[in-house]
Amino acid sequence: MTQILSEVYLDYSDILIRPKMGVNLNSRRDVNLARTFKFKHGQVRTGLGIFNANMATVGNFDVARKLLGRGMFATIHKHYTVDEIGNFIKSASDENILLDNLFITIGLRNIDAEIQKLSDLAAKYGWVKSRNICIEAPNFYIPNALDILHRVRNKFPDAVIMVGNIASADICLKLLDWADIIKCGIGSGSACLTRKQTGCGTPMVSLILECADVAHSVGGHICADGGIVDAGDICKALCLNSDFVMIGGMFAGTDATAGNIIEKHYETNEIVDGKRVIQTKYFKRYYGMSSKYANNKFAGGMSDYKTSEGRELLIPYVGSLDKVLQDITGGIASCCTYIGATSVKHLSKCATIIRVHNQLNRVFEKYSV
Ligand code: 5GP
């Protein structure tokens, strides 16, 4: 019989972190944002657990360089060639950017070629010491995904391996026998149509709680992927015990993402010298990796047995990624001072989460300049 679970599954907008007395710090500057991660399969990495999404738009070299430069983590998408990645590794090393936290993404479709790509990267460009691999599939429940994870782990026993996506705790233990980090989140992404097209998905707050509980019990880590709207949502994910947070849409309108700035002209109601004033607005293209646009670009079109589960969007151009990253680190540090956490690592120990009906006061939002 089909069952309906009556417990309400919560999302970021359903909760807030309650400020409270603790070992509160006087200044955000005193908060330790970096954390040392000891992974299940033996590796250690240090940084602020924020990733860019491994999408063609935001999983590019420029975004990766910025995140790594600020002590965060980064992915690069699976469509880059060995030489492109190799040249990036060389140039970033020349700039003294630490590559320890860089994850190279591979897909499931042509796994022999993907494994060859990683081997070539090691042989040709010395990608050996800090090997981090992200194995990407919109649906990691398919049996093939597990077989491929086994193959990649056997080939690269000393790598940090992140896999996903999944949206339930039941699969976590099985994956963590071979993987280090599980990417959690299906249907939450800003360019995602999965919930609309398939009715499938799990709200992020409840998902993080249940997956973190299982993963941490065996020394695994999780990454909350999709649905981050504001820096506050990142703070919430970290307080809920997510080790990492992955971000796409929040970076999508910035200068560092792939693709040109798109200019659009609109007629306004204002008339000067008998002519309507034209207003110019600027955008960047952001598209889901399962969108028709991505399928046309990378897979020679949409297969006839599939439906598009991703949107193609024009996101208002917001300028500097540095500014967005600054807002994020500022927000996290401030969150720590509100709840008495001296470091990001302590957020989940200090947080009290409250369920709310009304998260934000939006009364003057439309007047923002
Ligand atoms: P965002 O930060 O924009 O809310 O979410 C980014 C995440 O959305 C990605 O890391 C990935 O997990 C997910 N995603 C990317 N492209 C697609 C897509 O085409 N369809 C779906 N369902 N999810 C996508």
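Every letter in the sequence shown is one number past the one before it in numbering that gives the first Met the number 0, and letter 292, counting from 1, is 291.
Where a beta carbon is used, it is the ideal one built from N, C-alpha and C, also for glycine.
Given the structure is predicted, the values throughout are model-derived calculations rather than measurements.
Quiz item: Of all the options 127, 156, 155, 161, which has the alpha carbon lying nearest to the alpha carbon of residue 135?
Solution: Looking up residue 135 in the sequence shown gives position 136. Minimum Cα distance to residue 135 is reached at 161.
Quiz item: By how many angstroms is the C-alpha of residue 13 removed from the C-alpha of residue 235?
Solution: Indexing the sequence shown from 1 puts residue 235 at position 236. Indexing the sequence shown from 1 puts residue 13 at position 14. Their backbone Cα atoms lie some 11 Å apart in a straight line.
Practice problem: Have a look at residue 118 and residue 126 and give me their C-alpha separation to the nearest angstrom. | Solution: Within the sequence shown, numbered from 1, the residue matching residue 118 stands at position 119. Within the sequence shown, numbered from 1, the residue matching residue 126 stands at position 127. Cα to Cα, residue 118 sits roughly 9 Å from residue 126.
Quiz item: Do the CB positions of residue 53 and residue 74 come within less than 7 Å of each other?
Solution: Taking the sequence shown and counting its residues from 1, one reaches residue 53 at position 54. Taking the sequence shown and counting its residues from 1, one reaches residue 74 at position 75. Going by C-beta atoms, residue 53 is nearer than 7 Å to residue 74.
Exercise. Just tell me which of 207, 344, 35 has its CA closest to the CA of residue 245.
Key: Within the sequence shown, residue 245 is the residue found at index 246, counting from 1. Per the Cα distances, 207.
Self-check item: residue 229: CB within 6 Å of a non-hydrogen atom of the ligand 5GP
Solution: Taking the first residue of the sequence shown as position 1, residue 229 is located at position 230. No.
Quiz item: Taking DSSP as the reference, what is the three-state secondary structure of residue 225?
Solution: Indexing the sequence shown from 1 puts residue 225 at position 226. Coil, per DSSP.
Self-check item: Local Cβ density within 10 Å of residue 329, reported as buried at 16 or more and exposed below that
Solution: Sequence index remark: in the sequence shown, residue 329 carries index 330 (1-based). Its Cβ having fewer than 16 others within 10 Å, residue 329 is exposed.
Quiz item: Along the chain, where does the beta strand (DSSP E) that runs through residue 73 open and close?
Solution: Reading the sequence shown from its first residue, position 74 is the one you call residue 73. Taken as a continuous stretch (DSSP letters only), the beta strand (DSSP E) holding residue 73 covers 73 to 75.
Exercise. Determine the closest residue to residue 48 out of 42, 362, 70, with distance taken between C-alpha atoms.
Key: Taking the first residue of the sequence shown as 1, we reach residue 48 at position 49. When each option's Cα is compared against that of residue 48, the closest is 70.
Practice problem: Give the straight-line distance between the Cα atoms of residue 293 and residue 64, rounded to the nearest whole angstrom. | Solution: Within the sequence shown, numbered from 1, the residue matching residue 293 stands at position 294. Within the sequence shown, numbered from 1, the residue matching residue 64 stands at position 65. Rounded to whole angstroms, residue 293 to residue 64 spans 23 Å at the Cα level.
Self-check item: For residue 404, the three-state DSSP class (helix, strand or coil)
Solution: The first residue shown for the chain is 0 and the last is 368, placing residue 404 beyond what the model contains.
Practice problem: Would you give the residue range spanned by the beta strand (DSSP E) that residue 54 belongs to? | Solution: The residue you call residue 54 lines up with position 55 of the sequence shown. Segment: none, residue 54 is in no beta strand (DSSP E) and carries neither H nor E.
Practice problem: Quickly, what does DSSP pair residue 31 with across the bridge? List them, please. | Solution: Translated into the one-based positions of the sequence shown, residue 31 becomes position 32. According to DSSP, which records beta bridges pairwise, residue 31 is partnered with 342.
Exercise. Taking only the alpha-carbon atoms, compute the straight-line gap between residue 252 and residue 309 and give it to the nearest angstrom.
Key: Stepping through the sequence shown from its first residue, residue 252 is reached at position 253. Stepping through the sequence shown from its first residue, residue 309 is reached at position 310. Approximately 17 Å between the Cα atoms of the pair.
Self-check item: DSSP state of residue 107 mapped onto helix, strand, coil
Solution: Stepping through the sequence shown from its first residue, residue 107 is reached at position 108. Reduced to three states, the DSSP call for residue 107 is coil.
Exercise. Can you give me the start and stop residues for the beta strand (DSSP E) that residue 278 sits inside?
Key: Within the sequence shown, residue 278 is the residue found at index 279, counting from 1. It spans 274 to 286 - the beta strand (DSSP E) in which residue 278 sits, taken as one unbroken run.
Quiz item: CB-CB under 6 Å to residue 77, same chain, minus the five flanking residues each way: which ones, in chain order?
Solution: As a first step, residue 77 is located in the sequence shown; it is residue number 78 there, counting from the start. Counting only Cβ-Cβ distances below 6 Å, and skipping sequence neighbours, we find 104, 105, 106.
Practice problem: Please classify residue 210: does DSSP put it in a helix, a strand, or coil? | Solution: The count along the sequence shown starts at 1 and reaches residue 210 at position 211. Residue 210: helix per DSSP, three-state reduction.
Quiz prompt | Boundaries of the beta strand (DSSP E) in which residue 297 is found, first to last residue | solution = If you number the sequence shown from 1, residue 297 lands on position 298. Residue 297 -> not in any beta strand (DSSP E); alpha helix (DSSP H) instead, spanning 291 to 297.
Exercise. Check each candidate in 132, 255, 240 and name the one with the smallest Cα separation from residue 247.
Key: Taking the first residue of the sequence shown as 1, we reach residue 247 at position 248. Residue 255 is the option with its Cα nearest to residue 247.
Quiz prompt | Enclosing beta strand (DSSP E) for residue 311 [first to last residue] | solution = Position 312 of the sequence shown holds residue 311. Start and end: 311 to 315.
Self-check item: Contact under 7 Å by Cβ, residue 183 with residue 121
Solution: Within the sequence shown, residue 183 is the residue found at index 184, counting from 1. Within the sequence shown, residue 121 is the residue found at index 122, counting from 1. No, these two residues do not count as a Cβ contact at 7 Å.
Quiz prompt | Start-to-end residues for the beta strand (DSSP E) that takes in residue 135 | solution = Translated into the one-based positions of the sequence shown, residue 135 becomes position 136. From DSSP, the beta strand (DSSP E) with residue 135 extends over 131 to 135.
Quiz item: How is residue 20 classed by DSSP in three states: helix, strand or coil?
Solution: Counted from its first residue, the sequence shown places residue 20 at position 21. It is coil, neither helix nor strand.
Practice problem: Would you check if the distance between the CB atom of residue 23 and the CB atom of residue 231 is smaller than 7 Å? | Solution: The residue labelled residue 23 in the question sits at position 24 within the sequence shown. The residue labelled residue 231 in the question sits at position 232 within the sequence shown. Not in contact: residue 23 and residue 231 (Cβ atoms no closer than 7 Å).
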